[in-house]
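Just so you know, we're using our numbering here: the sequence shown kicks off at 46 and counts up by one.
These notes are about the structure you will find just below.
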Amino acid sequence: MFGEYQGVAVIALMGLATYATRAGGFWLIQRMRPSRFLEVWLGQIPGAVFAALCAPLVLNSGPAGWIAGLLTLAVARLSGNFLAAMATGVAAIALLRLM
């Protein structure tokens, strides 16, 4: 009988393990005061992950990707607007690939 529900049981237990890990992290961080170094380090993670995901794609996409990447970076730096930078990058790569 357990064989019929073994897959469901494994999925449910893994879901509980995942939830316990995440909830435990929230519970733990609420009970401690992070150092200034840790706060700064955690604040830099989203940008580092984004760069690590995007850099190989841009570098491997050829001249059109390089130009679009530079345009995107320029708009992001000058405007500080993430949405404008992304729209510029998408439009630039689309137009450059049509050429």
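Just so you know, even glycine gets a beta-carbon here, dropped at the ideal spot from N, CA and C.
- Glu-84 and Arg-78 have their alpha carbons spaced roughly 10 Å apart.
- In the pairwise beta carbon analysis, the segment 134-141 is classified as touching the segment 102-117: at least three pairs are separated by under 8 Å.
- Rounded to the nearest whole angstrom, the CA to CA distance from Gly-125 to Ala-96 is 16 Å.
- For Met-131, the enclosing alpha helix (DSSP H) begins and ends at 127-143.
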